[in-house]
Each structure stands twice: as structure tokens, then as C-alpha cells.
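Remarks on the structure that follows.
Protein chains: 2
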Amino acid sequence: MRIGELARCTGVSERSLRYYEQEGLLSARRTPGGHREYTEAAVDRVRRIQELYAAGLCSSKIAKLLPCMRDSDGRPTVPADECLVSELTVERARIDRMIRDLQRSRALLDTVIEAASGR
Amino acid sequence: MRIGELARCTGVSERSLRYYEQEGLLSARRTPGGHREYTEAAVDRVRRIQELYAAGLCSSKIAKLLPCMRDSDGRPTVPADECLVSELTVERARIDRMIRDLQRSRALLDTVIEAASGR
DNA sequence: CTTGAATCTGACACTGGCGTCAACTTTTAC
DNA sequence: GTAAAAGTTGACGCCAGTGTCAGATTCAAG
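Those protein sequence lines, which keep their order, are chains A and B. Under the numbering used here, the first residue of the first sequence is numbered 1, with each subsequent residue one higher. Under the numbering used here, the first residue of the second sequence is numbered 120, with each subsequent residue one higher.
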């Protein structure tokens with residue numbers, strides 16, 4: 001599959017896909033002419049990348065993390081080393097805080113919405 | 120209270136506080152010389168602003184939303200108009216999606232952390 | 001072979017909240 | 001009155017993911 005199709009079926013722009021490659025998050029074989037050729041597994045991988053971006057992880061963290069995750073591709077899964085684990089633990093704590101904050105903000109919005117429309 | 124003290128007791132930089140004012144999120148009386156003078160209620164308000172920023176709302180949305188929220192200041196609470204309510208409903212849906220995504224990402228991290236340290 | 005669609009690389013811009021520096025003024029303390 | 005501390009405005013920069021454009025090349029189809 002080439003970049004246009006991957007873009008279409010993940011909803012991620014071609015620009016972003018090239019950026020992911022540049023950041024070491026996504027690889028592709030090349031045709032003799034230099035065009036990128038993706039496997040089916042790329043679709044899942046792109047979705048996962050987006051998910052991690054959405055969780056506020058930066059490219060370099062994602063790059064280190066991805067090889068440790070089971071892939072729909074049959075790639076061997078590398079266990080995370082100690083350093084990475086401690087980084088991920090920090091990230092997890094940050095995500096937990098984010099979730100709590102979001103739940104509080106959601107409640108705030110709810111109050112305002114209810115006050116205006118409910119009664 | 121002046122800007123330095125407000126910054127200290129909210130943990131928000133002076134730069135940010137001035138920015139909030141510029142964006143219409145925070146107001147202050149001025150001394151004859153032009154220095155900002157904040158009431159006690161500003162502390163709560165700043166915290167709330169940070170919370171809403173953390174939830175991914177942009178300045179303009181927050182500016183419209185704040186007058187509709189009960190304030191520790193005795194300011195009258197304006198009910199949200201129809202347009203704002205629909206905007207807030209959209210934001211709320213976005214926040215809900217974010218929470219779900221974060222929970223999924225958290226689970227991913229958990230799996231990797233566990234796989235490396237647990238066994 | 002030709003043509004049009006798709007892709008390539010590289011460069012520049014934007015967003016938006018905030019850091020940071022400069023030059024100046026006000027306030028506070030002695 | 002003088003100096004230090006705190007405040008003022010304005011401008012520029014950063015981050016990091018992405019949009020977008022230019023100019024060249026490759027691929028697929030007739």
C-alpha cells in the first residue's frame with residue numbers, strides 16, 4: 001500500500017506519515033523509484049501512534065516505546081529496559097493527572113450546561 | 120494583592136497572568152501608577168482558568184464560559200446562551216473522547232511496564 | 001511515448017500558550 | 001532622596017506537529 005492509501009484509510013495526512021517516518025516511528029520499504037510501500041500492519045501502527053500522541057507523549061518517547069508493544073505485524077517484542085520503564089511510569093502518572101483534571105473540567109461544563117438548559 | 124503574589128500563590132507565571140488579562144480571562148484594578156491590583160477571588164479564578172486550559176479549551180471559549188460559572192467573588196452568574204451551550208456540549212464530547220483515549224493509552228503503558236518489570 | 005495522477009524532498013508558516021529580554025516606571029524601604 | 005525590588009509594555013522566540021507550496025521524479029494507463 002502506498003502513502004495515499006494509508007493516509008485515506010487512517011485519516012492521517014500524508015505529511016504526518018512522512019513526519020512519523022522522519023521521527024523513526026514508522027518505516028516503509030521503498031520501490032526502486034523511491035516511493036514508500038507500506039504493509040497492512042502500518043494501519044494499526046499509525047492508529048497507535050496517534051493514540052500516544054493524543055496522550056501527550058512526544059515523538060522520541062513514542063519511538064522508544066513502540067518496539068516494546070505487541071504489533072499486528074509479527075515483529076518480535078523487545079522488553080522495555082529499566083530507564084524506559086521509569087520514564088513510562090512518569091508518563092503514566094501524568095496521564096492519570098490529566099484524566100482527573102479532565103473529569104473535573106467535564107463536571108464544570110456539565111454544571112454550566114445544566115444550569116442553562118435543564119432548569 | 121499584586122501580580123507577584125498572585126503568581127506565587129497560584130504557581131502561574133506573571134507572564135501568564137498578563138496574558139490571561141489580554142485574553143479577557145482575568146481583570147484587575149490598577150493603582151494610580153498602573154500596577155495591577157487583584158482581589159482574593161483572583162486566586163480561584165486563575166486555578167479555574169488553568170483547569171480549563173488543561174482540558175484543551177482555548178482562550179476565547181474560556182472567556183465566554185467564565186461569566187457563567189459561580190465565582191467565589193460575589194459576581195452575578197450569567198446563564199449560558201443557546202449558542203454557548205451547544206459549543207460547550209461539543210467540548211464536553213471532545214473531553215469524553217479524550218478521557219477514553221487517555222484510558223486506552225494508560226492501559227498500553229501499563230502493559231509495557233508490567234511486561235518489563237512484573238515478570 | 002505520452003500524459004496525468006501520485007509521490008518525492010525541502011522549505012517555510014502557523015498555532016497558542018508561555019519564556020525571556022529590554023527599556024522604562026512605580027513602589028517600597030531605609 | 002536614593003537605591004533596590006517589583007511592576008509595566010512590547011517584541012521576539014520556542015515547541016512540535018502539521019498545512020502548504022514548489023519543483024522534480026516516478027508510476028500506471030492508453
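Note that beta-carbon positions come from the ideal geometry of N, C-alpha and C, so glycine has one too.
Along chain B, which residues have their Cβ under 8 Å away from the Cβ of residue i?
| i | result |
| --- | --- |
| Ser-113 (chain A) | For the sequence presented, residue 113 (chain A) should be read as Ile rather than Ser. Going along chain B in sequence order, the residues near Ile-113 (chain A) (Cβ under 8 Å) are Ala-199, Val-204, Leu-207, Thr-208, Arg-211. |
| Leu-52 (chain A) | Ser-224, Leu-227 |
How would you list, in chain order, the residues of chain A whose beta-carbon sits under 8 Å from the beta-carbon of residue i?
| i | result |
| --- | --- |
| Ile-214 (chain B) | Leu-102, Ser-105, Arg-106, Leu-109 |
| Met-178 (chain B) | As written in the sequence, residue 178 (chain B) is Ser, which differs from the Met given in the question. In chain order: nothing, as chain A lies at least about 15 Å away. |
| Ala-160 (chain B) | Chain A residues near Ala-160 (chain B): none, gap ~16 Å exceeds 8 Å. |
Measuring CA to CA, which of the options is closest to residue i?
| i | options | result |
| --- | --- | --- |
| Gly-175 (chain B) | A:Arg-2, A:Leu-102, A:Thr-111, A:Arg-30 | A:Leu-102 |
| Ser-117 (chain A) | B:Thr-208, B:Val-231, B:Ser-236 | B:Thr-208 |
| Ile-95 (chain A) | A:Arg-15, A:Arg-8, A:Thr-31, A:Tyr-53 | A:Tyr-53 |
| Arg-30 (chain A) | A:Leu-109, A:Glu-23, A:Tyr-38 | A:Tyr-38 |
| Val-162 (chain B) | B:Gly-153, B:Arg-127, B:Val-204 | B:Arg-127 |
| Ser-178 (chain B) | B:Glu-233, B:Asp-229, B:Gly-143 | B:Gly-143 |
| Leu-228 (chain B) | A:Asp-110, A:Ala-41, A:Lys-64 | A:Lys-64 |
| Arg-82 (chain A) | B:Arg-223, B:Thr-129, B:Ala-234, B:Thr-196 | As written in the sequence, residue 82 (chain A) is Glu, which differs from the Arg given in the question. The shortest C-alpha separation from Glu-82 (chain A) is found at B:Ala-234. |
| Ala-93 (chain A) | B:Ser-205, B:Ala-226, B:Val-204, B:Glu-206 | B:Ala-226 |
| Ile-113 (chain A) | B:Lys-180, B:Leu-203, B:Gly-153 | B:Leu-203 |
| Leu-145 (chain B) | B:Ile-122, B:Arg-223, B:Thr-230, B:Pro-198 | B:Ile-122 |
| Glu-40 (chain A) | A:Pro-76, A:Leu-6, A:Gly-33 | A:Leu-6 |
| Val-197 (chain B) | A:Ala-28, A:Ser-105, A:Arg-15, A:Thr-111 | A:Thr-111 |
| Glu-206 (chain B) | B:Glu-133, B:Ile-181, B:Arg-134 | B:Ile-181 |
| Met-1 (chain A) | A:Arg-15, A:Pro-76, A:Arg-36, A:Asp-73 | A:Arg-36 |
| Asp-73 (chain A) | A:Ala-28, A:Gly-34, A:Gly-33 | A:Ala-28 |
| Glu-91 (chain A) | B:Ser-224, B:Gly-130, B:Thr-129 | B:Ser-224 |
So residue i contacts chain B; which residues on that side make the cut at Cβ distance below 7 Å?
| i | result |
| --- | --- |
| Ala-55 (chain A) | Asp-220, Leu-221, Ser-224 |
| Arg-117 (chain A) | Residue identity check: residue 117 (chain A) is Ser in the sequence provided, not Arg. Correct list: Val-204. |
Name the chain B residues that come within less than 9 Å of residue i, Cβ to Cβ?
| i | result |
| --- | --- |
| Met-1 (chain A) | Per Cβ cutoff of 9 Å: no residues; Met-1 (chain A) is ~24 Å from chain B at best. |
Against chain A: residues of the region 183-210 of chain B by CB proximity under 7 Å: Leu-184, Cys-187, Met-188, Pro-198, Ala-199, Val-204, Leu-207, Thr-208, Glu-210
Completely contained beta strand (DSSP E) runs for the region 31-79 of chain A, where each covers 3 or more residues: none
Where the region 135-150 of chain B meets chain A: residues whose CB sits under 7 Å from a CB there: none
Stretch-stretch touch, CB-based, cutoff 8 Å, three pairs: the region 96-115 of chain A with the region 138-145 of chain B: no
contact_flag[the region 157-171 of chain B, the region 186-193 of chain B] where n(CB pairs < 8 Å) is 3 or more: yes
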